[in-house]
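Chemist: Provided herewith is a single structure, encoded as structure tokens, for subsequent inquiry.
Number of protein chains: 2
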Amino acid sequence: MKILVSNDDGISSPGISALVKALKKIGEVTVVAPLTEQSAVGHAITMKYPLRVSEYFKNGDFFGYAVDGTPADCIKMGVRNILQQTPDIVISGINLGSNAAINIIYSGTVSAAREAAIMDIPAIAVSVTSHTAKHFDFAAKYSGELAQMIVKNGLPAGTLLNLNVPDLPEEKLKGIIVTQQGKTKWDDVYEERRDPYGNKYYWLTGNLIEQDNSLEADHFALKNEYVSITPIHFDLTDYTTFEEMKKWNLETSMKKK
Amino acid sequence: MKILVSNDDGISSPGISALVKALKKIGEVTVVAPLTEQSAVGHAITMKYPLRVSEYFKNGDFFGYAVDGTPADCIKMGVRNILQQTPDIVISGINLGSNAAINIIYSGTVSAAREAAIMDIPAIAVSVTSHTAKHFDFAAKYSGELAQMIVKNGLPAGTLLNLNVPDLPEEKLKGIIVTQQGKTKWDDVYEERRDPYGNKYYWLTGNLIEQDNSLEADHFALKNEYVSITPIHFDLTDYTTFEEMKKWNLETSMKKK
């Protein structure tokens, strides 16, 4: 199994090291990851600047390729220029911090996996729920098992799996649930400060508005110490509203021909 | 009608000026837009750096607020700190270049409107199909009409409209179609160059793989000179695969309790 690995925390992150270590037991791993942290970059791609690629070493050993761009850039560059062939699967992570509910929209980790799905390559995004995560073992091992299941069961073109794991030792995990993207979101607050010259600047902060109460919602499953797997896709069409809008009189301002 | 306007081409763009001029006829307009061009930033938000806000003038007149961040940052900042109340609608554009099919995923213009939808504010993203667009008049006027229709007909919470207009004079437009996100996507090619010091760098380029042949697909409608309106949302759950995956044996590697 040929596996392309990326992330959004950057190639130096302990999360990607734990993932690569586990995946090397089951396949041929190539790492193409951002040189610097790219959290919350969403599905950004780099078009205004050129990209550079460098070889990256950990503890004196070649670890992978670092790209001075976004997670989505890394997948494009990894498939087109580095592998020059389609891997069997792309795995992005392990992210430090959950990517559930509305955070799926902002996540660089998910965008790397989504870029693979756009190329019709099966993909998994994997995150552990703490920004100071200590328990990567189950997430790393289970990413590999899930990859094997995907190769066996197949995954529809354009679908990727978003795996989130509570930051707990394996024996504390309550189980694994197939979930939907939850409704939990942020109430944004900008914290105003002044620089040493008296000018205002603002830090984005916020409070979570928890709007999920079913174990089939990703955020709620994680809160209750379950592993969450959400199949997501990139067809953003709202089909219900699509049907509804056909009844609107949309040509009001068009000149009659 | 209180209207918050943003874009991704930056506050200096002619597209946002054309939009604001038309919208001032139907409502009270506040502009909060990126200081610099933010094309293809996807749904990035700024968390690692603080943001600054400045007043921006065009031809000596106050035009709006410039934020040194992303389109999504502008909406958060505009609603929470500048308006300090919820506008009736958010309109993002007019973008130079279409945002249809896969480009919806990469678009900063769409992400500004989506950020509004996340806040339960009705929103429209509007683009004209050329990077050297000359025909903003219909797109600007019709954005206002669509805003009035939305206020009248309502739009489900979490849904936004993605409006794309061919770069043609109004009398050449064939009509208006409610569309779905098309399947057209990019075949990426990195162009390799060498800097004056002999080091390699790569520019993202690519060829469009056109995979739409129905007028109900956004890209195909635009190609055939129709105005395209696509209702989109941010629930990424793939419900078909969700049901399918419940049959998978997912707990294979969990220790039995």
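Sequences listed follow chains A and B, in order. Using this note's numbering, the first residue of the first sequence is number 16, and each one after it goes up by one. Using this note's numbering, the first residue of the second sequence is number 16, and each one after it goes up by one. Glycine included, each C-beta is placed from N, C-alpha and C at the ideal position. No experiment lies behind these values; they were computed from the predicted model shown.
1) Can the beta-carbon of Asn-168 (chain B) be found less than 9 Å from the beta-carbon of Val-141 (chain B)?
2) Taking three-plus beta-carbon pairs below 8 Å as touching, is the stretch 60 to 72 of chain A in contact with the stretch 185 to 194 of chain A?
3) At the 9 Å Cβ level, is Asp-152 (chain B) part of the contact set with chain A, yes or no?
4) Measuring alpha carbon to alpha carbon, tell me which of B:Glu-130, B:Pro-49, B:Gly-84 and B:Ile-109 ends up nearest Asp-203 (chain A).
5) On the DSSP bridge list, what partners appear for Ile-106 (chain A)?
6) Closer than 8 Å, Cβ to Cβ, to anything on chain B: give me those residues from the stretch 44 to 68 of chain A, in chain order.
7) Would you mind sorting His-146 (chain A) into buried or exposed? The rule is 16 or more other CB atoms within 10 Å of its CB.
8) Indicate whether at least one CB of chain A lies closer than 9 Å to the CB of Ile-247 (chain B).
9) Under a three-way DSSP split, which group does Ile-247 (chain B) fall into?
10) Starting from Thr-256 (chain B) and walking both ways along the beta strand (DSSP E), at which residues does that stretch end?
11) Among B:Phe-257, B:Leu-251 and B:Pro-181, which has the Cα closest to the Cα of Asn-118 (chain A)?
12) For Val-242 (chain B) and Leu-176 (chain A), what's the separation of their Cα atoms in angstroms?
13) Is there a Cβ from chain B that is less than 9 Å from the Cβ of Asn-179 (chain A)?
14) Please tell me whether Phe-257 (chain B) has its Cβ less than 9 Å away from any Cβ of chain A.
15) Determine, using beta carbons only, whether Ile-106 (chain A) and Ala-87 (chain A) come nearer to each other than 9 Å.
16) So does the stretch 18 to 28 of chain B actually touch the stretch 40 to 49 of chain B, counting three or more Cβ pairs closer than 8 Å?
17) What did DSSP end up calling Phe-153 (chain B) once you bin it into helix, strand or coil?
18) Beta carbon of Leu-188 (chain A), beta carbon of Glu-240 (chain A): below 9 Å?
19) What is the C-beta distance between Lys-149 (chain A) and Asp-182 (chain A), in whole angstroms, given that I count them as a contact (C-beta under 8 Å)?
20) Quick one: which chain A residues come within Cβ less than 7 Å of Thr-147 (chain B)?
21) Roughly how far, in whole angstroms, is the beta-carbon of Gly-93 (chain A) from the beta-carbon of Gln-53 (chain A), given that I think they are within contact range, below 8 Å?
22) Anything in chain A within Cβ reach of Ile-139 (chain B), meaning under 8 Å, just list it in chain order.
23) Going by DSSP in three states, Thr-96 (chain B) sits in which element: helix, strand or coil?
24) Going straight from the alpha carbon of Ser-158 (chain A) to that of Ala-37 (chain A), what length do you get?
25) Under a Cβ-count criterion, where at least 16 other Cβ atoms within 10 Å of its own Cβ denotes burial, should Ser-126 (chain B) be classed as buried or exposed?
26) Return the first residue and the last residue of the alpha helix (DSSP H) that Leu-50 (chain A) is part of.
27) Give me whichever residues DSSP pairs with Arg-209 (chain A) in a beta bridge.
28) Determine the direct distance from the alpha carbon of Ala-172 (chain B) to that of Ser-113 (chain A), and round the result to whole angstroms.
29) Note the first and the last residue of the continuous alpha helix (DSSP H) segment covering Thr-4 (chain B).
30) What residue ranges within the stretch 43 to 89 of chain B form continuous beta strand (DSSP E) runs of no fewer than 3 residues, ordered along the chain?
31) Which value, in whole angstroms, describes the spacing of the CA atoms of Phe-78 (chain A) and Ile-97 (chain A)?
32) For Thr-124 (chain B) and Asn-110 (chain B), which I take to be in contact (beta-carbon distance under 8 Å), what is that distance rounded to the nearest angstrom?
33) Give me the residue from A:Lys-262, A:Ser-28 and A:Thr-85 with the minimum Cα distance to Gly-57 (chain A).
34) Just verifying my parser: in three-state terms, what is the DSSP assignment at Ile-119 (chain A)?
35) With a threshold of 9 Å between beta carbons, is Thr-252 (chain B) in contact with chain A?
Modeler: So, from the data block:
1) no
2) no
3) no
4) B:Glu-130
5) A:Val-20 and A:Ile-139
6) Glu-52, Ser-54, Ala-55, Val-56, Gly-57, His-58, Ala-59, Ile-60, Thr-61, Met-62, Lys-63, Pro-65, Leu-66, Arg-67 and Val-68
7) exposed
8) yes
9) strand
10) Run containing Thr-256 (chain B): none in the beta strand (DSSP E); it sits in the alpha helix (DSSP H), 254 to 260.
11) B:Leu-251
12) 34 Å
13) no
14) yes
15) no
16) yes
17) helix
18) yes
19) 6 Å
20) Result: empty, since nearest Cβ-Cβ is about 16 Å, beyond 7 Å.
21) Their Cβ separation, rounded to whole angstroms, is 15 Å, which puts Gly-93 (chain A) and Gln-53 (chain A) out of contact at 8 Å.
22) Neighbours of Ile-139 (chain B) on chain A: none; closest Cβ ~13 Å, over 8 Å.
23) Note on identity: in this sequence residue 96 (chain B) is Asn, with Thr being the wrong assignment. Three-state DSSP puts Asn-96 (chain B) in a helix.
24) 9 Å
25) buried
26) Neither: Leu-50 (chain A) is in no alpha helix (DSSP H) and is coded neither H nor E.
27) A:Lys-215
28) 25 Å
29) Only positions 16 to 272 of chain B appear in the structure, and residue 4 (chain B) is not among them; the question remains open.
30) 43 to 49, 68 to 73 and 76 to 82
31) 14 Å
32) 4 Å
33) A:Thr-85
34) helix
35) yes
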